[in-house]
Amino acid sequence: EECVIQHDAINEINPSSVNTIRIVTLNGPKKNGIVYACIRIGQNGTDMDNVDCGGMACRIDLESGMISTDGADKQGNVYENHPESGVKLKGFTIPYFEDAKICVSSLQKKFRR
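In terms of our numbering, the numbers along the sequence shown are unbroken and rise by one, the last being 138.
Structure, rendered in structure tokens:
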């Protein structure tokens with residue numbers, strides 16, 4: 026498999042894992058489009074961002090593309106800064122977030138009923 030190289034800004038948060046963005050859409054009779062986004066971030070030197078493997082998640086503001094909450098892990102621990110890198114999470118701007126929203130919206134329209 027080809028190696029995934031994440032954006033340098035995202036790498037600053039945690040370089041040991043590929044930190045992934047989730048953009049959730051609804052495709053229903055009353056609501057269509059993006060409703061939620063978050064970033065999953067690895068920690069403790071693991072190569073996964075999965076919360077079951079010690080990772081954390083933060084909500085992304087859909088308008089600004091900035092992380093809008095502190096990080097939280099499965100055990101309920103809350104992190105203002107990433108524990109290894111020290112990067113402040115809330116207020117961190119996700120690079121190319123607007124482009125990602127456009128891509129997701131375009132794909133979501135193809136699945137509308």
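Ideal Cβ positions, reconstructed from N, Cα and C, are used throughout, including at glycine.
- Residue range M81 to R84 is occupied by the beta strand (DSSP E) that includes C83.
- Our two residues, T94 and K115, have alpha carbons roughly 5 Å apart in a direct line.
- For the pair I59 and S131, the CB atoms are not nearer than the 8 Å cut-off.
- Within the same chain, Cβ atoms closer than 8 Å to the Cβ of G80 are found at S42, R65, I66, G67, Q68, T71, M73, D74 and D98, the five residues on either side in sequence being excluded.
- Inside the segment 56-108, DSSP marks whole beta strand (DSSP E) runs of 3 or more residues at positions 57-66, 81-84 and 96-98, from first to last along the chain.
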